[in-house]
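So the structure is just underneath, and the comments pick up after that.
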Amino acid sequence: MHISLLDDSGENLFEDTSDQRGLDMSEKAYHFIGGLLKHAHSLIAIGAPSVNSYKRMQPGTWAPAHVCYGSGNRSVLVRIPEKRRARRFEFRGADGTCNPYLLAACLVAAGLHGIQSRIEPGEPVTTDVSKLSNAELKERGISWVPRSLPEAIGYLAEDTILAETIGRSIWEEFINIKRTEADKFSRYVSDWERQLFANLF
Numbered sequence: 028m029h030i031s032l033l034d035d036s037g038e039n040l041f042e043d044t045s046d047q048r049g050l051d052m053s054e055k056a057y058h059f060i061g062g063l064l065k066h067a068h069s070l071i072a073i074g075a076p077s078v079n080s081y082k083r084m085q086p087g088t089w090a091p092a093h094v095c096y097g098s099g100n101r102s103v104l105v106r107i108p109e110k111r112r113a114r115r116f117e118f119r120g121a122d123g124t125c126n127p128y129l130l131a132a133c134l135v136a137a138g139l140h141g142i143q144s145r146i147e148p149g150e151p152v153t154t155d156v157s158k159l160s161n162a163e164l165k166e167r168g169i170s171w172v173p174r175s176l177p178e179a180i181g182y183l184a185e186d187t188i189l190a191e192t193i194g195r196s197i198w199e200e201f202i203n204i205k206r207t208e209a210d211k212f213s214r215y216v217s218d219w220e221r222q223l224f225a226n227l228f
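Right under this line is the structure:
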């Protein structure tokens with residue numbers, strides 16, 4: 028999901044060529060990113076709402092597996108394109124199974140929370156996050172994205188800001204439906220499991 032912020036005259040509010048981090052991003056842009064990272068675990072539940080979504084978000088793939096941001100870095104959750112492009116960024120924790128309208132509303136809410144609360148995102152990550160050890164991740168304050176739908180839904184259930192954005196009734200129903208789907212999946216025995224365990228045992 029590509030995110031831009033313009034004022035009424037069309038001026039890009041995410042751009043600032045005096046950026047000391049060297050990314051030509053404004054203070055508002057960094058705070059918006061800070062909001063996305065703050066709510067990242069629950070945003071994943073909206074952007075990746077199927078049990079299969081989490082098979083995609085693995086280290087060393089094109090999908091993000093860690094909560095961080097960086098410029099031109101395809102291993103991060105929030106990616107800032109190279110400076111030759113207009114200042115904007117991408118939230119990469121979504122797939123084709125999500126409701127894009129629901130996701131857009133939640134991304135705006137999380138970003139505005141970041142701006143209003145002046146949430147700092149920390150320093151951008153310039154290396155391939157998948158190659159960092161758990162100790163290095165901890166030292167940099169980088170967490171994993173949720174590893175399953177139930178885990179992501181657990182974060183969403185605690186996110187009161189997104190609950191108010193979505194509306195309590197829709198928020199509760201979404202959580203109930205996704206928990207039901209995850210429960211059904213946990214009881215489903217696939218052909219792969221039958222073949223593997225039949226051979227082993």
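Just so we're aligned, residue 28 is where the sequence shown starts under the numbering used here, counting upward by one.
Glycine included, C-beta positions come from ideal geometry on N, C-alpha and C.
DSSP-derived helix/strand/coil call for residue i
{"i": "Arg167", "result": "helix"}
{"i": "Phe116", "result": "strand"}
{"i": "Leu33", "result": "strand"}
{"i": "Gln47", "result": "coil"}
{"i": "Asp122", "result": "coil"}
{"i": "Gly141", "result": "helix"}
Among the options, nearest to residue i - alpha-carbon criterion
{"i": "Ile175", "options": "Ser53, Ile73, Ser36", "result": "Sequence check: residue 175 is Ser here, not Ile. For Ser175, the nearest C-alpha among the options comes from Ile73."}
{"i": "Ser144", "options": "Arg206, Ile202, Ala56, Leu159", "result": "Ala56"}
{"i": "His66", "options": "Ala190, Phe224, Leu33", "result": "Ala190"}
{"i": "Glu185", "options": "Cys95, Ile202, Glu38, Asp210", "result": "Ile202"}
{"i": "Thr187", "options": "Asp46, Leu70, Leu50, Phe41", "result": "Leu70"}
Strand pairing of residue i, partner residues [DSSP]
{"i": "Ile107", "result": "Ser98"}
{"i": "Glu42", "result": "Met52"}
{"i": "His93", "result": "Trp171"}
Residue i - containing alpha helix (DSSP H), residue span
{"i": "Pro177", "result": "176–184"}
{"i": "Arg195", "result": "195–213"}
{"i": "Pro76", "result": "It is not in any alpha helix (DSSP H) - Pro76 carries neither H nor E in the DSSP assignment."}
{"i": "Asp218", "result": "218–227"}
Exercise. Taking 8 Å as the threshold, find out whether the stretch 82–96 comes into contact with the stretch 210–228 through three or more Cβ pairs.
Key: no
Can we say the stretch 149–166 touches the stretch 116–134, given the rule of at least three CB pairs closer than 8 Å? no
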